[in-house]
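Engineer:
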Amino acid sequence: MTEHDKQLAAAYFPAFRDSDEAWWQRHIAPGFVRHDPNLDFEVRGVEGVRKLGSVMHGGFSDVGFDIGDVVGDGDKVLVRLKMRGRHTGPFMGNAPTNK
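Pasting the structure below:
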């Protein structure tokens with residue numbers, strides 16, 4: 125695991141927030157899988173990230189990510205963060221709360 129790998133993993137979140145399609149195309153491998161047991165669909169490759177972005181941005185405005193720790197071990201990177209935003213649209217069957 126290199127420092128570059130950790131920086132790349134952390135850079136995913138601003139690219140996701142900004143729906144940066146060019147970044148996604150350059151850096152997200154077709155076999156990329158985001159493991160998230162709270163989602164009712166699979167996030168795989170650029171198409172999966174695009175779908176997740178559509179769902180998230182459809183449900184939340186003013187989205188931001190406060191990155192805490194980025195750690196790596198072997199071929200794995202973990203990013204601990206806090207997502208913030210305002211729930212202004214439907215999200216996974218929940219009506220907007222504006223909170």
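Residue numbering for the sequence shown follows my numbering, beginning at 125 and increasing consecutively. The beta-carbon is built from N, C-alpha and C at its ideal position, and this holds for glycine as well.
Which one or two residues does DSSP pair with His-211 in a beta bridge?
Structural biologist: For the purposes of this step, residue 211 is identified with residue 87 of the sequence shown, where counting begins at 1. The partner list for His-211 (beta bridge, DSSP) reads Phe-184.
Engineer: Can you tell me where the alpha helix (DSSP H) with Glu-127 in it begins and where it stops?
Structural biologist: Residue numbering aside, residue 127 sits at position 3 when the sequence shown is read from its first letter. Its alpha helix (DSSP H) spans residues 127 to 141.
Engineer: How close, in whole Å, do the beta carbons of Val-194 and Val-187 come, if the pair is a contact with beta carbons under 8 Å?
Structural biologist: As a first step, residue 194 must be located in the sequence shown, where it is residue number 70. As a first step, residue 187 must be located in the sequence shown, where it is residue number 63. Contact doesn't hold; Cβ gap of about 19 Å is too wide.
Engineer: Just curious, the alpha helix (DSSP H) that Ala-153 is in, first and last residue?
Structural biologist: For the purposes of this step, residue 153 is taken as residue 29 along the sequence shown, with counting starting at 1. Unbroken run through Ala-153: none, as it is neither H nor E.
Engineer: Using alpha carbons as the reference points, say which of Leu-176, Phe-156 and Asp-199 lies closest to Ser-143.
Structural biologist: For this step, residue 143 is matched to residue 19 along the sequence shown. If we check each option's Cα against that of Ser-143, Leu-176 comes out closest.
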